[in-house]
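In numbering that gives the first Met the number 0, the protein residues as written are 0 to 363.
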Amino acid sequence: MAEPLTNALCRRLGIRLPVFGLAHRVEVAAAISRAGGLGVYAAARDGPHELEDKLRLLRRLCPDHPVGVDLLLPTGLPGHNTREAVAAAVPQGHRDFVRTLFDRHQVPPATHGNFFSQYVRSQSLFEEQMDAVTASDVDVFAAGVGTPPQVLARARAAGQQTIALVGSVRHAGKAIAAGAEILVAQGYDAGGHTGPIGTFTLVPQIVAAAQGRPVIAAGGIGTGAQVAAAFALGAQGAWLGTLWLGTREHELPAALAAKLIAAGSEDTVITRAHSGKPCRVLRSAFSDAWEAPGAPQPLAMPYQQALTGELLAAVEEHEIAPLMYEAAGQSVDWLRRIEPVADVMERLVRETRDALRSMTPYMA
Ligand SMILES: Cc1cc2nc3c(=O)[nH]c(=O)nc-3n(C[C@H](O)[C@H](O)[C@H](O)COP(=O)(O)O)c2cc1C
Numbered sequence: 000m001a002e003p004l005t006n007a008l009c010r011r012l013g014i015r016l017p018v019f020g021l022a023h024r025v026e027v028a029a030a031i032s033r034a035g036g037l038g039v040y041a042a043a044r045d046g047p048h049e050l051e052d053k054l055r056l057l058r059r060l061c062p063d064h065p066v067g068v069d070l071l072l073p074t075g076l077p078g079h080n081t082r083e084a085v086a087a088a089v090p091q092g093h094r095d096f097v098r099t100l101f102d103r104h105q106v107p108p109a110t111h112g113n114f115f116s117q118y119v120r121s122q123s124l125f126e127e128q129m130d131a132v133t134a135s136d137v138d139v140f141a142a143g144v145g146t147p148p149q150v151l152a153r154a155r156a157a158g159q160q161t162i163a164l165v166g167s168v169r170h171a172g173k174a175i176a177a178g179a180e181i182l183v184a185q186g187y188d189a190g191g192h193t194g195p196i197g198t199f200t201l202v203p204q205i206v207a208a209a210q211g212r213p214v215i216a217a218g219g220i221g222t223g224a225q226v227a228a229a230f231a232l233g234a235q236g237a238w239l240g241t242l243w244l245g246t247r248e249h250e251l252p253a254a255l256a257a258k259l260i261a262a263g264s265e266d267t268v269i270t271r272a273h274s275g276k277p278c279r280v281l282r283s284a285f286s287d288a289w290e291a292p293g294a295p296q297p298l299a300m301p302y303q304q305a306l307t308g309e310l311l312a313a314v315e316e317h318e319i320a321p322l323m324y325e326a327a328g329q330s331v332d333w334l335r336r337i338e339p340v341a342d343v344m345e346r347l348v349r350e351t352r353d354a355l356r357s358m359t360p361y362m363a
């Protein structure tokens with residue numbers, strides 16, 4: 000296949016296609032890179048030892064192409080905190096509220112934990128996660144929320160190219176000062192932690208603020224026409240999260256996959272109930288409950304996840320459909336079936352080329 004989409008950013012990173020994919024499954028990230036883009040493994044839900052294993056697996060699944068890893072590094076969290084200490088600070092009224100969700104939806108207790116029921120986010124956890132990242136042979140490091148300069152410096156010293164996700168010109172300035180080499184302009188439309196500025200507005204603002212650094216557009220992208228639009232806005236690539244949830248390699252539980260396939264752009268909500276910070280997720284009985292009259296205000300990070308971790312681990316394990324959700328962007332509208340990563344990539348590339356070709360009349 001001819002590769003007219005290969006641009007300067009692709010050459011810099013050693014990839015063929017300017018399509019970037021973030022996923023919480025190494026199998027998905029590896030498949031994105033094998034398909035010619037850059038797969039970025041979202042490691043924020045891994046403890047340090049698990050992360051070492053995952054990054055080894057990522058390389059084993061993708062030995063011949065660059066791969067990336069992403070961590071969430073919010074500032075202002077406890078330096079070091081045990082789960083017990085954080086859980087003890089959760090008000091009783093909040094615990095009672097979560098108990099009503101267990102009862103109302105007849106959720107049996109979890110028999111095994113997940114990240115949220117075993118860890119709390121703290122600076123010392125981030126450092127241990129970063130030890131695993133710098134000891135690995137991944138090619139690219141992405142900072143999701145927060146860009147601590149010392150963390151980006153560690154990644155660069157380990158030979159990794161550094162990317163920062165930003166949601167405003169102010170964030171971009173901080174990321175540049177912290178040493179980020181490539182910026183992802185992630186707009187309001189995006190799944191996950193998101194700011195208030197829409198992608199179409201944000202991308203040209205970040206391009207103007209990037210001081211020549213490459214910018215990748217993110218948030219709400221589900222078609223090749225939008226990838227072409229990202230180029231028109233000055234971005235050198237498109238960064239997608241939601242669309243990959245609908246891939247075979249993701250192996251989502253059937254009930255969650257069905258909800259995502261059925262969902263349209265109006266079925267996502269921004270809530271603090273997921274992590275304590277504004278996060279766009281698929282609307283569910285969980286997000287509705289926190290919006291209902293009389294519901295308590297979600298707690299700040301990391302207390303909210305310490306509060307809800309056991310419930311959400313049980314919901315996942317027992318597949319309690321009404322409460323199941325994931326982070327998801329307005330792009331969920333284009334998640335219409337479960338298909339292999341390679342097919343999603345092939346469609347995006349074909350549509351991007353069609354969209355670029357359809358613009359030629361404007362050149363006359
Ligand atoms: C399920 C899911 C999990 C995400 N987790 C992270 C994460 O851990 N770190 C991060 O930097 N971004 C995360 N994001 C945001 C993505 O990096 C990306 O910016 C966003 O998905 C783009 O918008 P889209 O969802 O419309 O494609 C997540 C997004 C989704 C959908």
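Glycine included, C-beta positions come from ideal geometry on N, C-alpha and C. Quick caveat: nothing in here was measured; it's all calculated off a predicted structure.
So who's on the other strand from residue i, going by DSSP bridges?
i, result
"T99", "Answer is none; T99 lacks a bridge partner."
"A227", "DSSP lists no partner for A227."
"L70", "A142"
"G190", "Note: G190 sits in no beta bridge, so no partner."
"W243", "The partner list for W243 (beta bridge, DSSP) is empty, contrary to what the question assumes."
"R279", "G191 and I269"
"A22", "Y40"
Which whole-angstrom value describes the C-beta separation of residue i and residue j, a residue pair presumed to lie in contact below a C-beta threshold of 8 Å?
i, j, result
"A189", "A217", "6 Å"
"P65", "L12", "6 Å"
"T74", "G145", "5 Å"
"G233", "V214", "7 Å"
"C61", "A41", "With 8 Å as the limit, C61 and A41 do not qualify as a contact, their Cβ atoms being about 15 Å apart."
"L322", "L100", "7 Å"
"G35", "M344", "7 Å"
"I205", "A227", "Not a contact, Cβ separation roughly 18 Å."
"E325", "L281", "6 Å"
"V18", "L57", "At roughly 18 Å, the Cβ-Cβ gap does not stay under 8 Å, so V18 and L57 are not in contact."
"R120", "L164", "That belief does not hold up - the Cβ atoms of R120 and L164 are roughly 17 Å apart, past 8 Å."
"A305", "R82", "6 Å"
If you compare alpha carbons, which of the options is closest to residue i?
i, options, result
"C378", "A354, L71 and E49", "The structure shown does not extend to residue 378, since the chain is modelled only from 0 through 363, so no value can be given for it."
"E309", "G236, V97, D332 and A299", "V97"
"D136", "V85, Q122 and E51", "E51"
"G219", "Q210, M300 and V202", "V202"
"W59", "R33, T81 and R82", "Per the sequence shown, the amino acid found at residue 59 is Arg instead of Trp. Closest by alpha carbon: R33."
"A237", "Y118, A326, H273 and L182", "L182"
"H249", "A7, I31 and L8", "I31"
"T222", "T81, R352, V68 and V27", "R352"
"R212", "T161, V139 and K276", "T161"
"A313", "S116, Q225 and R94", "S116"
"G328", "W243, P297 and L306", "W243"
"A256", "E127, P297 and V331", "V331"
"L21", "H93, R55 and A141", "A141"
"G92", "P297, C9, K258 and L334", "P297"
"Y187", "I196, E180 and A179", "I196"
Next item on the list: For the segment 142 to 158 and the segment 289 to 296, state whether three or more C-beta atom pairs, one from each stretch, are separated by less than 8 Å.
Entry: Taking a contact to require three or more Cβ pairs closer than 8 Å, the segment 142 to 158 and the segment 289 to 296 do not qualify as touching.
Notebook entry, point to check: Counting Cβ pairs, one atom from each stretch, are 3 or more of them under 8 Å apart for the segment 304 to 321 and the segment 103 to 117?
Noted result: Here the segment 304 to 321 makes contact with the segment 103 to 117; the two share three or more CB pairs at distances below 8 Å.
Note to self: If contact is defined by three or more beta carbon pairs under 8 Å, each pair taking one atom from either stretch, is the segment 267 to 276 in contact with the segment 38 to 57?
What the structure shows: Three or more beta-carbon pairs separated by less than 8 Å are not found between the segment 38 to 57 and the segment 267 to 276, which leaves the two stretches without contact.
Next item on the list: Could you say if the segment 295 to 305 and the segment 321 to 341 meet the contact criterion of at least three C-beta pairs nearer than 8 Å?
Entry: No: fewer than three Cβ pairs fall under 8 Å.
Margin query: Three Cβ pairs or more, each shorter than 8 Å: is that satisfied between the segment 168 to 176 and the segment 255 to 266?
Written below: The segment 168 to 176, when compared against the segment 255 to 266, does not touch it at the 8 Å Cβ threshold.
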